[in-house]
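Here is the structure we will look at.
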Amino acid sequence: MELKDLLIKQLESLGPIRFSNSFGWICIYTGKNMFGGYKEIDNNVLLLFLILSPEGFEKSLPENFEKFEFGKTWAQTEITGEDDLPRIFEFIQDSFNYVQKRRELKDKT
């Protein structure tokens, strides 16, 4: 199984998601809310960005993430093998959960 397929399987384990091509990335949504995206460099290298909670963002930086060029708590990392997937899953979960909080805040305004 290719690295991209393993990542998608991991993402789909969180719940209902969908994918959309935007800005050269394959963006990942739950409902109408984007929580991340990935770009396939080749079969063995993926770039992943996530919209993290403020706490998740701070925690991600020492874990081989770097600030993404857009957004306040957006971070990106390179996935180079199957062994990277467990390392990033905690941050994928943070991003998926944080999108729910962002939706609630938006609904209150």
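Going left to right, the sequence shown walks through residues 934 to 1042 as my numbering numbers them.
Cβ atoms here follow ideal geometry from the backbone N, Cα and C, with glycine treated the same way.
From a predicted model like this one, the values you see are computed outputs, not experimental measurements.
Could you give the DSSP three-state label for residue i: helix, strand or coil?
i	result
GLY1014	coil
LEU979	strand
PHE956	coil
GLU935	coil
ILE941	helix
ILE1021	helix
If distances are taken between C-alpha atoms only, which option among the options comes closest to residue i?
i	options	result
ILE959	THR1006, SER946 and LYS937	LYS937
PRO995	PHE1024, ILE961, ARG951 and ASN1030	PHE1024
LYS972	SER993, GLN1009 and GLU991	GLN1009
ARG1035	ARG1020, ARG951, LEU940 and ILE984	ILE984
Considering only their Cβ atoms, is the gap separating residue j from residue i smaller than 8 Å?
i	j	result
GLN1026	LEU947	yes
ASN997	GLU935	no
TYR1031	GLY989	yes
Give every residue of the same chain whose Cβ lies closer than 8 Å to the Cβ of residue i, excluding the five residues on either side of it in the sequence, and list them in chain order.
i	result
GLN943	LEU1018, PHE1022 and ILE1025
If you measure from the CB of residue i, is any heavy atom of the ligand ADP nearer than 7 Å?
i	result
ILE1025	Among the components modelled here there is no ligand, and therefore nothing to report on the ligand ADP.
Skipping 5 residues on each side, what residues in its chain have a beta carbon closer than 6 Å to that of residue i?
i	result
MET967	CYS960
With a CB to CB cut of under 7 Å and the five nearest residues on each side skipped, what residues in its chain are close to residue i?
i	result
LEU981	GLY969, TYR971, GLN1009, THR1010, ILE1012 and ILE1021
GLY1004	ILE984
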